Amino acid sequence: MNLLLSYCLFAVFATIANIVSQDVTLRFYSGPFALIMSVGVGTAIGLVTKYLLDKRYIFRYRTSGIGHESKIFMLYAVMGVFTTSVFWAFEFGFHFIFDDKMMRYLGGIIGLAIGYWIKYQLDKKYVFIIKGIKC
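Here the sequence shown is numbered in this note's numbering, starting from 2 and rising by one per residue.
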């Protein structure tokens, strides 16, 4: 399977994990800040899912221990700060404009798609580097 197709499939999988975990969170909790909490849970689930898939199958990157793994994950997460803001801007923007759950999720999906494209560019340049050689 080519790299672009794999990356797209993994982005779709991580997006589904994100949106489903948001929905599950809202089904179990409807108290104060429920929407913000659900988006946070979805973001965390999506981040870990995408990291594990990207590291292993896209960049074929191997860490040399828990310290190295932690460092790479933190770099991956830091590179995701900007792209997460793109995702959240779309999701919350659609929420406030349309006031509809399905439209909020559509905004989230659009934001994630844009964010994942940017994230790939950042990850290949700054995160998954082997002995100073870009992947």
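Where is the CB? At the ideal position from N, CA and C, for every residue including glycine.
Note that this is a predicted model, so its numbers are computed, not measured.
First and last residue of the alpha helix (DSSP H) that includes residue i?
i, result
"threonine 44", "35-54"
"arginine 61", "Where arginine 61 is concerned, there is no enclosing alpha helix (DSSP H), given that its DSSP letter is neither H nor E."
"serine 71", "67-99"
"glycine 32", "Where glycine 32 is concerned, there is no enclosing alpha helix (DSSP H), given that its DSSP letter is neither H nor E."
"lysine 125", "Per DSSP, lysine 125 belongs to no alpha helix (DSSP H) and is neither H nor E."
If I measure Cβ to Cβ from residue i and keep anything under 8 angstroms in the same chain, skipping five residues before and after, which residues do I get?
i, result
"alanine 12", "Lys51, Leu113, Ala114 and Tyr117"
"leucine 27", "Ala35, Leu36 and Ser39"
"glycine 94", "Gly108"
Among the residues of its own chain, which have a CB less than 7 angstroms from the CB of residue i, if the five just before and after it don't count?
i, result
"phenylalanine 64", "What sits at residue 64 in the sequence shown is threonine, not phenylalanine. Closer than 7 angstroms at the Cβ level, and outside the excluded window around threonine 64, lie Glu70 and Ile73."
"leucine 123", "Met80"
"valine 42", "Ser22, Gln23 and Thr26"
Sorted by chain position, which residues of the same chain lie with C-beta nearer than 6 angstroms to residue i's C-beta, five sequence neighbours on each side aside?
i, result
"phenylalanine 212", "Summary: the structure shown does not reach residue 212, with the chain confined to residues 2 through 136, and so no result is reported for it."
Exercise. Does the count of Cβ pairs from the stretch 69-81 and the stretch 95-105 closer than 8 angstroms reach three?
Worked result: Flag = no, the stretch 69-81 and the stretch 95-105 do not touch.
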